[in-house]
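Asker:
Residue numbers (the numbering used here): 149 to 511.
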């Protein structure tokens, strides 16, 4: 039995469906991410699990217990907010001890547990400091210790890294994952950052406009998106639309703007079917010749380029009007040999394309 089962959950605000008929399951000890653009319903979903919002309909099971009618304080759930929400007039010790005092732990237990969890988050010796004396990363650690010290059944993290600078965000992300794995605590992590979700999660659930678009292991979400929205939202991708010309020996031929692309597929898609095609920029190989019958070739002009140290990014305008984004690593210390307005050709493999019938459009 899964640790958490969310069953046909619906949340309406007036005529707006913030969460729409959503069902997911989470296994014990997993860290799962709710990923999607702003306004997709991921925080609303988290708040319903926490008990801060009541669902319009549906069920939320934790260890086979329906939480919908259970008040927040009786759910034994720890939560870390985007803005940390630590008390500015309390020192670090009292912030971390707050939940234990509410639960009527005695002073000796509180002292022992606070010391244990401050050590866990690397803040031993900070007990008497006030929040104003802490950096953003230290405040986040206090919030994490406060959420964990009550030994919750589930940990909820609502955009916990979004207020930190890039380097600190990476370090705290690693720490959260290490602590989560060490404790074995089931965790739901809300983020709009694709890299965060892919790197930290056992599973990723991609949401859009209140709906679940796809859920699964990060590598599956990235390599086998089941619709064009997921393909375009997870990482960079060239999304194109066309019609199936034919299917031969495991290869589907798709016509896009009068250009035929060959895609290796596991299923037969009928001739004439409207489909989307996804191609990651890093799979485009410039100035190479085809080595396989079904390699895709192209010719075009570089109409935009940017140099990023070890990487060159740009756009190629093809003769049929399509624009392809590309990424090329720079080897050694040599200068990039690509320039704007340069004529280029190249290939991408039929293995590097993904094709699908589930068109949701990237609007």
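Beta carbons: idealized from backbone N, C-alpha and C, even for Gly.
Over the uninterrupted alpha helix (DSSP H) stretch that includes residue 262, give me the two end residues.
Answerer: For this step, residue 262 is matched to residue 114 along the chain shown. From DSSP, the alpha helix (DSSP H) with residue 262 extends over 255-268.
Asker: Any chance the stretch 250-259 sits against the stretch 325-335, with 3 or more Cβ pairs inside 8 Å?
Answerer: Touching, no.
Asker: Could you give the C-beta distance for residue 399 and residue 391, rounded to a whole number, given that I count them as a contact under 8 Å?
Answerer: Counted from its first residue, the chain shown places residue 399 at position 251. Counted from its first residue, the chain shown places residue 391 at position 243. 16 Å between Cβ atoms; not a contact.
Asker: Taking only three categories from DSSP, how would you classify residue 491?
Answerer: Mapped onto the chain shown, residue 491 falls at position 343. Strand, per DSSP.
Asker: Quick one: what's got a C-beta closer than 6 Å to residue 436's C-beta in the same chain, skipping five residues either side?
Answerer: Numbered from its first residue, the chain shown carries residue 436 at position 288. Excluding positions up to five away in sequence, the list reads 494 and 495.
Asker: Residue 342 to residue 379, Cα distance in whole Å?
Answerer: As a first step, residue 342 must be located in the chain shown, where it is residue number 194. As a first step, residue 379 must be located in the chain shown, where it is residue number 231. Rounded to whole angstroms, residue 342 to residue 379 spans 12 Å at the Cα level.
Asker: Between the C-alpha atoms of residue 303 and residue 295, what's the straight-line distance to the nearest angstrom?
Answerer: Taking the chain shown and counting its residues from 1, one reaches residue 303 at position 155. Taking the chain shown and counting its residues from 1, one reaches residue 295 at position 147. Going from the Cα of residue 303 to the Cα of residue 295 covers about 7 Å.
Asker: With a cut-off of 8 Å on the beta carbons, I'd call residue 402 and residue 393 a contact; round off their distance for me.
Answerer: Within the chain shown, residue 402 is the residue found at index 254, counting from 1. Within the chain shown, residue 393 is the residue found at index 245, counting from 1. Their Cβ separation, rounded to whole angstroms, is 7 Å, which keeps residue 402 and residue 393 in contact under 8 Å.
Asker: With respect to the alpha helix (DSSP H) encompassing residue 278, which residues constitute its N-terminal and C-terminal limits?
Answerer: The count along the chain shown starts at 1 and reaches residue 278 at position 130. Element bounds for residue 278: n/a, residue is neither H nor E.
Asker: From residue 446 to residue 467, what does the alpha carbon distance come to, in whole angstroms?
Answerer: As a working note, residue 446 is residue 298 in the chain shown. As a working note, residue 467 is residue 319 in the chain shown. Rounded to the nearest angstrom, the two C-alpha atoms are 9 Å apart.
Asker: Since residue 475 and residue 438 are thought to touch, with beta carbons under 8 Å apart, how far apart are those beta carbons, to the nearest angstrom?
Answerer: The residue you call residue 475 lines up with position 327 of the chain shown. The residue you call residue 438 lines up with position 290 of the chain shown. Not really, about 20 Å apart at Cβ, beyond 8 Å.
Asker: According to DSSP, residue 181 sits in a beta bridge with which residue or residues?
Answerer: For the purposes of this step, residue 181 is taken as residue 33 along the chain shown, with counting starting at 1. Answer by DSSP bridge pairing, in chain order: 337 and 352.
Asker: Let's see if you can read the secondary structure: which residues bound the alpha helix (DSSP H) around residue 423?
Answerer: What you label residue 423 is simply residue 275 of the chain shown in a count that begins at 1. Run containing residue 423: none in the alpha helix (DSSP H); it sits in the beta strand (DSSP E), 422-427.
Asker: Relative to the C-alpha of residue 180, which residue among 440, 272 and 365 is closest?
Answerer: If you number the chain shown from 1, residue 180 lands on position 32. Among 440, 272 and 365, the Cα nearest to that of residue 180 is on 365.
Asker: Measuring alpha carbon to alpha carbon, tell me which residue in 288, 278 and 252 is nearest residue 269.
Answerer: Position 121 of the chain shown, counted from the start, is the residue given in the question as residue 269. Residue 288 is the option with its Cα nearest to residue 269.
Asker: Residues bridged to residue 444 by DSSP?
Answerer: One-based indexing of the chain shown puts residue 444 at position 296. Beta-bridge pairing links residue 444 to 496.
Asker: Is the distance from the Cβ of residue 352 to the Cβ of residue 305 below 8 Å?
Answerer: Indexing the chain shown from 1 puts residue 352 at position 204. Indexing the chain shown from 1 puts residue 305 at position 157. Contact flag unset, no.
Asker: Can you tell me which of 320, 314, 315 and 310 puts its alpha carbon nearest to the alpha carbon of residue 293?
Answerer: By 1-based counting over the chain shown, the position of residue 293 is 145. Measuring from the Cα of residue 293, the nearest candidate turns out to be 320.
Asker: Rounded to whole angstroms, what is the Cα-Cα separation between residue 397 and residue 472?
Answerer: Working through the chain shown from its first residue, we reach residue 397 at position 249. Working through the chain shown from its first residue, we reach residue 472 at position 324. Between residue 397 and residue 472, the C-alpha separation is close to 27 Å.
Asker: If contact is defined by three or more beta carbon pairs under 8 Å, each pair taking one atom from either stretch, is the stretch 356-364 in contact with the stretch 199-218?
Answerer: With the cut-off at 8 Å, the stretch 199-218 and the stretch 356-364 do not touch.
Asker: Could you please give the first and the last residue of the uninterrupted alpha helix (DSSP H) stretch that includes residue 377?
Answerer: Taking the first residue of the chain shown as position 1, residue 377 is located at position 229. Run containing residue 377: 376-381, per the alpha helix (DSSP H) assignment.
Asker: Do you know how far the Cα of residue 307 is from the Cα of residue 410?
Answerer: The sequence position of residue 410 within the chain shown is 262, counting from 1. The sequence position of residue 307 within the chain shown is 159, counting from 1. Near 40 Å, if we compare the C-alpha coordinates of residue 307 and residue 410.
Asker: Is residue 285 closer than 8 Å to residue 514 when the C-beta atoms are compared?
Answerer: Only positions 149 to 511 of the chain appear in this structure, which leaves residue 514 out of reach.
Asker: Exposed or buried, residue 455, counting other C-beta atoms within 10 Å across all chains shown (16 or more means buried)?
Answerer: Walking along the chain shown from the start, residue 455 turns up at place 307. Exposed, by the Cβ-count rule.
Asker: Which value, in whole angstroms, describes the spacing of the CA atoms of residue 354 and residue 459?
Answerer: Walking along the chain shown from the start, residue 354 turns up at place 206. Walking along the chain shown from the start, residue 459 turns up at place 311. Their backbone Cα atoms lie some 28 Å apart in a straight line.
Asker: Would you mind reading off the limits of the beta strand (DSSP E) that contains residue 477?
Answerer: Here residue 477 is taken as the residue at index 329 of the chain shown, counted from 1. Start and end: 471-477.
Asker: Taking the alpha carbon of residue 183 as the reference point, which residue from 211, 164, 344 and 273 has its own alpha carbon closest?
Answerer: Here residue 183 is taken as the residue at index 35 of the chain shown, counted from 1. The residue with the shortest Cα to Cα distance from residue 183 is 344.
Asker: Quick one: complete alpha helix (DSSP H) runs, 4+ long, within the stretch 155-199?
Answerer: With a minimum length of 4 residues, the continuous alpha helix (DSSP H) runs that stay inside the stretch 155-199 are 190-198.
Asker: How many whole angstroms separate the CB atoms of residue 489 and residue 464, which I take to be in contact at a CB cut-off of 8 Å?
Answerer: Stepping through the chain shown from its first residue, residue 489 is reached at position 341. Stepping through the chain shown from its first residue, residue 464 is reached at position 316. 11 Å between Cβ atoms; not a contact.
Asker: Spatial neighbours of residue 317 within its chain, please: C-beta separation below 7 Å, excluding the five flanking residues on both sides.
Answerer: Position 169 of the chain shown, counting from 1, holds the residue named residue 317. Cβ within range, chain order: 309.
Asker: If we count the other Cβ atoms within 10 Å of its Cβ and call it buried at 16 or more, is residue 232 buried or exposed?
Answerer: Against the chain shown, residue 232 aligns to sequence position 84. By the neighbour-count rule (16 or more Cβ atoms within 10 Å), residue 232 is buried.
Asker: For residue 209, which three-state DSSP category applies?
Answerer: Translated into the one-based positions of the chain shown, residue 209 becomes position 61. Three-state result, residue 209: strand.
Asker: Between which residues of its own chain and residue 234 is the CB-CB distance below 8 Å, once the five residues before and five after are set aside?
Answerer: Sequence index remark: in the chain shown, residue 234 carries index 86 (1-based). Hits under 8 Å: 243, 279, 287, 290, 291 and 294.
Asker: If you follow the beta strand (DSSP E) that residue 225 is in, where does it begin and where does it stop?
Answerer: Looking up residue 225 in the chain shown gives position 77. That run of the beta strand (DSSP E) goes 225-228.
Asker: When the Cα atoms are used, what is the spatial distance from residue 349 to residue 369?
Answerer: Numbered from 1 along the chain shown, position 201 holds the residue referred to as residue 349. Numbered from 1 along the chain shown, position 221 holds the residue referred to as residue 369. Spanning the two alpha carbons is a distance of roughly 12 Å.
Asker: If you follow the alpha helix (DSSP H) that residue 247 is part of, which residue opens it and which one closes it?
Answerer: As a working mapping, residue 247 is identified with position 99 in the chain shown. Residues 240-250.
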